[in-house]
Ligand code: AGP
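Numbering (the working numbering), first residue to last: 14 to 643.
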């Protein structure tokens with residue numbers, strides 16, 4: 014979730030005393046630090062040239078570099094904080110990336126899916142690359158078009174036209190900002206599937222990945238739409254589509270204070286991150302399969318023959334991440350036919366587990382620093398197992414000590430209670446399962462393509478639930494005095510029930526417990542008394558092996574004993590209505606993918622109830638975002 018800032022100041026042919034590009038861009042990057050990053054950089058246009066500085070690590074490293082090697086005063090500049098995806102967090106991989114003999118600078122947020130083929134094409138033209146990034150390929154493409162196709166001539170539309178032609182070639186998700194030494198008073202930007210906002214000033218204009226990038230200077234903003242290009246000068250803002258046709262942005266006034274701007278206008282990071290989930294799943298899926306459904310997990314660097322010889326998978330994780338592993342277990346076993354155990358990391362190494370060279374360890378960790386999981390992974394490695402880390406934090410300890418990594422691209426998760434990372438972990442684990450099925454021949458390419466197509470529809474379905482969150486929020490507010498809430502689920506709904514209970518415990522500090530619905534009659538049903546709130550995650554009624562009827566009878570069992578039943582069910586499921594006090598409908602989706610949807614109402618409910626109690630939902634009592642002690 015990189016931070017992006019662009020600025021063009023007064024065009025009076027001199028640097029205005031009011032705002033210098035360097036100051037505006039650095040201030041914007043500071044405001045965007047919350048998005049998380051592992052390197053930062055800046056480029057300005059001055060004296061007919063591009064000058065840039067970039068450093069891995071925090072902004073303070075870049076500032077030290079700027080103090081040691083100052084940039085010239087400038088009216089035009091772009092800045093970037095990078096959350097590494099392709100290529101580690103190094104000085105070389107940091108943005109901006111240069112091309113056209115150092116006369117063009119580019120920064121980028123997102124993933125260029127077809128960067129490999131573009132890179133081959135450019136290498137064949139004699140272009141050389143310094144970094145491992147997809148961004149440098151985009152920079153080289155724009156530079157090549159500007160110089161060789163357009164003749165480097167402003168009359169031919171210059172940088173804007175070069176950007177248009179390049180965007181017609183790029184696939185994936187991107188927000189691009191470019192400056193060129195030939196056009197010192199212009200910044201050109203483009204967006205597809207990644208955010209970009211224009212800030213409208215007086216004699217100066219701004220660009221940002223969100224309004225935090227310029228909120229200190231203006232509150233007049235223009236949100237750009239899909240596949241749009243914007244060319245800003247100090248006095249003009251021109252928006253077109255990727256083919257040069259005029260287009261419109263949506264102007265609005267930003268009435269957030271800077272602090273809430275970092276939360277995207279939401280009252281908490283928790284709520285912002287729940288609403289980030291469509292993008293978190295999209296970004297995690299993006300760039301990892303081709304149009305034929307062939308998976309390319311290029312960072313999963315384990316010998317394919319070793320992966321084919323795997324005869325057992327052990328998932329190691331804690332808390333919410335362990336529930337993600339439990340959800341994924343059903344899919345991995347179904348798709349790969351490999352026995353898959355999910356172990357709490359802190360229990361694993363004390364039970365003398367059976368681990369050998371044919372065991373694949375899959376650790377799941379948002380932070381990549383959970384000591385319980387790190388120690389369990391180290392233990393498994395000592396036993397000869399191969400280890401893969403599913404992690405949301407680039408360059409953290411667990412992926413560094415693993416044989417391979419599959420990063421979730423959920424962006425930094427600030428709230429202690431995990432939400433978007435949970436869904437992204439499930440998506441990443443599904444990709445791993447499908448990759449193993451592809452490698453070992455358990456699934457035809459067409460089957461994998463169909464499952465990926467179903468996964469690709471999930472972000473929009475999550476958004477559909479979020480768009481109808483008010484009724485769920487009201488339920489949370491109405492149940493503010495609840496002392497205990499039970500959650501039932503079956504099959505993949507069982508770990509969802511436990512995750513729903515954990516969210517409520519973490520946020521509202523009340524007793525909550527998740528059960529396998531079939532387990533109720535073996536004891537827990539004794540807990541049911543008049544008015545006891547019970548959430549039930551109901552599977553789809555479709556499909557011959559549906560557990561729908563069994564779960565409906567579980568609802569009847571608790572209802573008959575006075576429970577207040579709140580049911581999460583698939584749109585169109587009328588059968589549950591007779592036994593539910595409330596029904597929360599979620600869009601239809603294949604059973605194995607349903608947790609990516611059924612979890613969302615439980616997150617919203619827990620947040621609403623905790624908010625009604627007036628609790629700090631971002632920093633709940635007694636909890637830490639990353640538990641770095643055993
Ligand atoms: C989840 O809401 C909690 N914050 C906690 O259970 C967390 O999932 C667990 O501590 C594991 O953290 P990790 O994913 O960073 O390893």
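All residues carry an ideal CB built from backbone N, CA and C; glycine is no exception. Being a predicted model, the structure only gives us computed values, none of them experimental.
In the three-state reduction of the DSSP assignment, residue 544 falls in the coil class, being assigned neither a helical nor a strand state. Taking a cut-off of 8 angstroms for Cβ pairs, the stretch 563–574 and the stretch 604–613 do not touch, as fewer than three such pairs fall below it.
With a cut-off of 7 angstroms, the C-beta of residue 621 is classified as distant from the ligand AGP, since no heavy atom of the ligand falls inside that distance. Around residue 578, the same chain offers 547, 549, 568, 571, 572, 592, 593, 594 as residues with beta carbons nearer than 7 angstroms, after the five sequence neighbours per side are excluded. Residue 519 has its CB nearer than 7 angstroms to a heavy atom of the ligand AGP.
Under the three-state reduction of DSSP output, residue 532 falls in the helix class. Taking the C-beta atoms as reference points, residue 188 is found nearer than 8 angstroms to residue 121.
Given a length threshold of 3 residues, each whole run of the beta strand (DSSP E) inside the stretch 263–290 is given here in chain order: 263–266.
Selection around the ligand AGP by beta-carbon proximity, strictly under 6 angstroms to any non-hydrogen atom, yields 331, 332, 333, 334, 378, 379, 380, 383, 386, 429, 430, 431, 519, 639, 640 in chain order. Annotation for residue 37: 20 place their beta carbon closer than 6 angstroms to its own, counting only its chain and skipping 5 residues before and after. The beta carbon of residue 179 sits closer than 6 angstroms to those of 154, 155, 158, all from its chain and outside the five residues before and after it, given in chain order. Counting only residues of its own chain and dropping the five nearest sequence neighbours on each side, residue 348 has a CB closer than 7 angstroms to the CB of 446, 447, 450, 455, 456.
Rounded to the nearest whole angstrom, the C-alpha separation of residue 111 and residue 228 is 28 angstroms. Spatial neighbours of residue 279 in its own chain (CB-CB distance under 7 angstroms, excluding positions within 5 residues in sequence) are listed in chain order as 285, 288. Here the C-alpha atom of residue 223 lies approximately 6 angstroms from the C-alpha atom of residue 209. Judged by their CB atoms, residue 415 and residue 376 are nearer to each other than the 8 angstroms cut-off. Boundaries of the beta strand (DSSP E) harbouring residue 356: 353–357, taken from the DSSP string. The stretch 85–93 makes no contact with the stretch 263–271, as fewer than three CB pairs between them are under 8 angstroms. Taking the Cβ atoms as the reference, residue 583 lies roughly 5 angstroms from residue 553, within the contact range of under 8 angstroms.
The stretch 304–313 and the stretch 489–496 do not touch, with fewer than 3 CB-CB distances between them shorter than 8 angstroms. When secondary structure is reduced to three states using DSSP, residue 15 falls in the coil class, being assigned neither helix nor strand.
In summary, residue 367 is exposed, with fewer than 16 beta-carbon neighbours lying within 10 Å of its beta-carbon over all protein chains present. As computed with DSSP, residue 63 is found in a beta bridge with 58.
Sixteen is the threshold: when 16 or more other Cβ atoms of the shown chains lie within 10 Å of the Cβ of residue 174, as they do, the residue is buried. Annotation for residue 598: the continuous beta strand (DSSP E) segment containing it runs 595–599.
Judged by pairs of C-beta atoms under 8 angstroms, the stretch 513–533 touches the stretch 616–623, as three or more such pairs exist.
Residue pairing of residue 254 in beta bridges, as defined by DSSP: 241. Rounded to the nearest angstrom, the Cβ distance from residue 106 to residue 146 is 5 angstroms, consistent with a contact under 8 angstroms. A Cβ-Cβ separation of about 45 angstroms leaves residue 630 out of contact with residue 370 under the 8 angstroms criterion.
DSSP places residue 370 outside both helix and strand once states are collapsed to three, so it counts as coil. Excluding five sequence positions before and after residue 378, the CB atoms of its chain that fall closer than 6 angstroms to its own CB belong to 334, 386, 404, 411, given in chain order. Our two residues, residue 131 and residue 499, have alpha carbons roughly 53 angstroms apart in a direct line.
The continuous stretches of alpha helix (DSSP H) do not include residue 121, which lies in the beta strand (DSSP E) extending over residues 117–125. Apart from sequence neighbours up to five positions away, the residues of its chain that approach residue 586 with a beta-carbon distance below 6 angstroms are 554, ordered along the chain.
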